[in-house]
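Visitor: Numbering (this note's numbering), first residue to last: 71 to 552.
Beta carbons: idealized from backbone N, C-alpha and C, even for Gly.
Before we start, here is the structure in question, set down as structure tokens.
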Ligand code: QV4
Ligand code: CA
């Protein structure tokens with residue numbers, strides 16, 4: 071369950087938060103496929119409660135009312151079409167699976183596909199689930215429970231969301247049917263929402279009943295879905311992520327926390343020389359690595375002082391480091407802009423999601439941030455693909471916040487988070503030639519639209535990253551020669 075089954079030569083996924091299926095299909099064909107993206111985490115595709123009481127907040131999608139594939143992102147036919155079109159251009163789809171609970175509040179009781187529920191009776195006819203399918207007696211998780219009481223964290227309600235009993239054979243089978251339906255439509259795997267709130271033994275039973283990936287969508291025969299489990303473990307809680315790594319991959323929240331701290335200037339970049347398990351991170355193969363996610367970019371979930379698109383210079387620095395470094399399976403966040411932390415995606419007065427507009431400079435409009443379309447970010451996605459499975463070599467630092475390293479003979483990157491310029495003659499490990507920096511610009515025919523770096527026969531080059539430049543890094547790789 072730890073292999074994303076990316077098409078060959080691809081290595082990075084992006085969370086297209088709240089995108090519609092038709093828009094994702096188009097984005098696969100016009101951008102993600104050609105730019106070498108490996109996959110997409112999509113928002114939950116199953117029917118959720120419609121919550122007008124909070125003006126259709128983003129978090130209504132974490133309140134399942136049935137497993138029918140019908141949401142503001144689209145219906146089953148649109149979903150199937152998206153998966154087909156994305157797989158055709160080498161981009162995999164990973165589903166955010168909400169299997170811990172069902173919706174439970176807000177006076178409303180109608181879903182995005184018209185299903186209804188009667189919360190007071192624990193009744194969800196769209197599945198159907200009834201009272202016997204939930205943990206009993208009913209209880210709600212309190213903040214103290216995380217320190218002491220794994221049984222309460224797993225058997226009580228997370229924020230009043232009705233807590234399913236995954237120990238029940240019937241419940242397991244409904245969940246397995248839902249996930250297998252998605253596999254048959256061609257998805258490559260799942261994010262398991264709120265995995266901490268379910269017993270590892272129950273999850274194992276569910277995972278082991280999943281079908282192999284669909285060979286009609288280009289997966290090898292016998293391929294198991296990629297599974298990354300949402301477990302927030304920053305230390306100090308009764309439930310540890312090591313209970314989940316024997317099952318499948320786990321979201322590594324320390325990754326974004328530590329890199330945010332460093333790129334915000336609160337820890338020196340030179341210490342990143344041993345970035346990885348030495349920092350208390352999971353083993354590389356177990357880790358879904360990311361800077362921000364849809365929760366912590368707006369103060370939900372793990373919280374912490376996390377870099378987001380709202381602080382673009384250090385954010386792009388942290389993302390570039392993530393993508394340049396071989397640790398983990400990286401995931402990018404692609405956001406809609408927001409001021410109010412409850413606000414849902416751009417929508418019209420009926421609550422329909424408004425599609426992103428695509429501007430001539432590749433950026434998005436209509437309220438969509440589209441970090442994945444920022445040159446500094448998509449260029450580093452390509453860098454990572456070129457670097458392949460090489461390690462890190464020729465690390466250099468100035469004993470402060472200027473660092474540089476090579477990825478085998480494939481790529482070279484330098485960062486300057488000091489208040490003075492980086493101006494050094496450094497080993498790039500690349501064949502002699504003239505290379506375009508893919509951060510300040512790109513290769514355009516025989517020219518570079520940004521900086522040019524001349525690598526000598528000894529592999530060395532003079533590298534300059536000014537303290538006041540628009541970006542804090544420089545990257546060149548095989549393939550960026552001018
Ligand atoms: C309210 C009160 C509760 C009360 C309840 C019932 O706050 O005290 O018990 O009513 O009367 C929304 C509201 C929340 C509300 C709840 C129930 O924000 O105030 O409770 O609905 O109606 C997202 C949001 C939540 C949201 C939830 C469901 O973050 O705010 O709750 O969706 O709409 C822990 C977990 C971790 C989790 C993280 C947020 O260990 O697993 O908290 N992360 C995942 C998702 C996250 C999602 C959920 C889990 C739930 O990434 O986006 O929560 O599916 O760290
Ligand atoms: Ca639970």
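Where in the segment 465-499 do unbroken runs of the beta strand (DSSP E), each at least 3 residues long, occur, reported from the N-terminal end onward?
Guide: 472-477, 481-486 and 492-497, all fully within the segment 465-499.
Visitor: Name the two residues that bound the continuous alpha helix (DSSP H) containing residue 249.
Guide: Here the alpha helix (DSSP H) through residue 249 covers 239-254.
Visitor: Quick check: residue 441 and residue 127, are their CB atoms within less than 8 Å of each other?
Guide: Not in contact: residue 441 and residue 127 (Cβ atoms no closer than 8 Å).
Visitor: Quick check on residue 517: does DSSP put it in helix, strand or coil?
Guide: If DSSP states are grouped into helix, strand and coil, residue 517 belongs with the strands.
Visitor: Return the residue from the list 276, 271 and 528 that minimises the CA-CA distance to residue 240.
Guide: Comparing Cα-Cα distances from residue 240 to each of 276, 271 and 528, the minimum goes to 276.
Visitor: Closer than 7 Å to a non-hydrogen atom of ligand 2 - does that hold for the CB of residue 268?
Guide: Yes.
Visitor: Whole alpha helix (DSSP H) runs in the segment 340-404 with 4 or more residues, listed along the chain?
Guide: Segments of the alpha helix (DSSP H) lying fully in the segment 340-404: 382-394.
Visitor: Just list the residues that DSSP pairs residue 119 with in beta bridges.
Guide: Paired residues: 181.
Visitor: Contact between the segment 283-297 and the segment 256-263: three or more CB pairs below 8 Å?
Guide: Taking 8 Å as the limit for Cβ pairs, the verdict is that the segment 256-263 does touch the segment 283-297.
Visitor: Using a Cβ-Cβ cutoff of less than 6 Å, which residues in the same chain neighbour residue 407 once the five nearest sequence positions on both sides are dropped?
Guide: Cβ neighbours of residue 407 beyond the five flanking positions: 437 and 439.
Visitor: Just to confirm, does residue 263 get its C-beta within under 7 Å of one of the non-hydrogen atoms of ligand 2?
Guide: Flag unset: Cβ of residue 263 not near ligand 2.
Visitor: Is the beta carbon of residue 225 within less than 7 Å of some heavy atom of ligand 2?
Guide: Result yes, Cβ under 7 Å from ligand 2.
Visitor: Do you know whose CA, among 352, 319 and 235, lies nearest residue 262's CA?
Guide: For residue 262, the nearest C-alpha among the options comes from 319.
Visitor: Using DSSP bridges, identify the partner residues of residue 533.
Guide: DSSP lists 494 as partners of residue 533.
Visitor: Suppose you measure from the CA of residue 374 to the CA of residue 301; what does that come to, to the nearest Å?
Guide: When rounded, the distance between both Cα atoms is 15 Å.
Visitor: Residue 305: buried (16+ other C-beta within 10 angstroms of its C-beta) or exposed?
Guide: With fewer than 16 other Cβ atoms within 10 Å, it is exposed.
Visitor: Would you mind listing the beta strand (DSSP E) stretches within the segment 258-340 that are 3+ residues and don't spill past its ends, in chain order?
Guide: Entirely contained in the segment 258-340, the beta strand (DSSP E) runs reaching 3 residues are, in chain order, 259-262, 296-299 and 319-322.
Visitor: Taking the straight line between their C-alpha atoms, what separation do you get for residue 82 and residue 415?
Guide: Their backbone Cα atoms lie some 24 Å apart in a straight line.
Visitor: Under the criterion of a Cβ to heavy atom distance below 7 Å, does residue 217 qualify as lining ligand 1?
Guide: Result no, Cβ not under 7 Å from ligand 1.
Visitor: Candidates 95, 120, 110 and 361: which alpha carbon is nearest residue 420's?
Guide: If we check each option's Cα against that of residue 420, 120 comes out closest.
Visitor: Flag residue 375 as yes when its Cβ comes closer than 7 Å to any non-hydrogen atom of ligand 2, and as no otherwise.
Guide: Not so, every heavy atom of ligand 2 lies at least 7 Å from the Cβ.
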